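*Asks:*
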Amino acid sequence: MSIVRNKIFITSNKQDTSSLQFVKDLFKQSKTPFPEKPVEERLKETNGDVTGVCIPYKLDTKYYTANVDIWLDEIEKQETMMAYSENEEVAKSIDAFVFIYHKDGLKSIKWWLPFLEASEPGIRMCIGYDQATEEMNDWCLSNGFDYVDMNEEKTGTPMDKVGIELVLDILQTNMWDGMVRKSNNNITEEEEELDLIREIQELQLHKEEKDDDDELDLPSQSEINEMREKLFGSLDGEEDDLDNTFQMLQSMREHGKTLSDQERRKMAAQVALSFAAQLGI
């Protein structure tokens, strides 16, 4: 029997309520009712310890739904982390690893590397509530982690996502085992085009307003053309299917992990505006 990879594992270097609060914020962002009663009953059994708490969660996007489980654990001993690595059934069922970072958390997250090598999750995220050091940021870049600063504020750049909104966006780009694609009848081509047009128009307006700004971080026309060639140059006029769309998103997200925040935002704008050029908007 094959192992289903549909678990989101959330851990921390500090025993407090931050992991559970993070999950509640995630449910709120996705407008999903949080199962307060069963979680409270479980916490009574463990005297408030979140270790071992499992919370069912449904990812519901425009294109698919996926039922996943959120596992909470707060581990301070390296030996326990090693035990996770040796449990193949646990390691291979996890497709998203989320580390809640607190001050001096770099040492703890490094201990998880053997587990990550065994698990190979599609998503690695570090959630920062305390300001990350330069060393922490560099480590995340080197080890394929998305670092999400929960205290970061939006810059006003269209389509820019930060905090818990960015967390949800990252989770939704993964191809989860057991995901169920939605019928095309539920999403009309016209609705998709209207959504895309609104986003692109907002970007173009922002670009026009900032054209004379020396600090403009939106892409130039040549950069848009270059991105268009990367995304659409190999197509022969046929519509790309959903699988290719997700693979493209995954590839772009992986590349984005190696970029600074400013470069990542610029890349997102390049993608959107290249779609505009391709569609003639």
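At position 155 of the sequence shown the residue is numbered 161 (my numbering), and the sequence of numbers has no breaks. The beta carbon of each residue, even a glycine, is placed where N, CA and C say it ideally should be. Nothing here was measured: the structure is a model prediction, and the numbers come from that model.
Between which two residues does the beta strand (DSSP E) containing R130 stretch?
*Replies:* Per DSSP, R130 belongs to the beta strand (DSSP E) from I129 to G134.
*Asks:* Which first and last residues belong to the beta strand (DSSP E) in which D155 is found?
*Replies:* Element bounds for D155: D152 to D155.
*Asks:* Does the stretch 95 to 114 touch the stretch 9 to 18, meaning 3 or more C-beta pairs lie closer than 8 Å?
*Replies:* With the cut-off at 8 Å, the stretch 9 to 18 and the stretch 95 to 114 touch.
*Asks:* What first and last residue would you give for the alpha helix (DSSP H) that runs through A97?
*Replies:* Start and end: E94 to A97.
*Asks:* State the Cα-Cα distance for the pair Y153 and D31, rounded to the nearest angstrom.
*Replies:* Approximately 17 Å, taken between the alpha carbons.
*Asks:* Considering only their Cβ atoms, is the gap separating E80 from Q27 smaller than 7 Å?
*Replies:* Not in contact: Q27 and E80 (Cβ atoms no closer than 7 Å).
*Asks:* With F121 and Y90 assumed to form a contact (beta carbons below 8 Å), what rounded beta-carbon distance in angstroms separates them?
*Replies:* F121 to Y90, Cβ: 5 Å. Contact.
*Asks:* What's the C-alpha gap between I61 and I76?
*Replies:* About 5 Å.
*Asks:* Tell me R187's beta-bridge partners as DSSP assigns them.
*Replies:* Y70, per the DSSP bridge assignment.
*Asks:* Any idea what DSSP makes of E221, helix, strand or coil?
*Replies:* Its pLDDT being 46, under 50, E221 is placed unreliably by the model, and the measurement read from it follows with that caveat. Three-state result, E221: coil.
*Asks:* Let me confirm a value: Q276 is counted as buried when at least 16 other C-beta atoms fall within 10 Å, else exposed. Which label applies?
*Replies:* Q276 is buried by the Cβ-count criterion.
*Asks:* Check for me: the beta strand (DSSP E) holding K34 runs from which residue to which?
*Replies:* K34 -> not in any beta strand (DSSP E); alpha helix (DSSP H) instead, spanning S24 to Q35.
*Asks:* Among the candidates R48, S8 and Q35, whose CA atom is the shortest distance from the CA of T67?
*Replies:* For T67, the nearest C-alpha among the options comes from Q35.
*Asks:* On the DSSP bridge assignment, give the partners of L78 in chain order.
*Replies:* Note: L78 sits in a beta bridge opposite I16.
*Asks:* I need the straight-line Cα distance from Y156 to E269, nearest angstrom please.
*Replies:* Sequence check: residue 156 is Met here, not Tyr. Cα-Cα distance, rounded: 19 Å.
*Asks:* Please report how far the alpha carbon of T179 lies from the alpha carbon of E229, in whole angstroms.
*Replies:* Taking the straight line from one Cα to the other gives about 24 Å.
*Asks:* Which of the three DSSP states is assigned to D110 in this structure?
*Replies:* Note: D110 maps to coil in three-state DSSP.
*Asks:* Give a yes or no on whether the C-beta atoms belonging to N12 and V74 are separated by under 7 Å.
*Replies:* A contact, by the Cβ cut-off of 7 Å.
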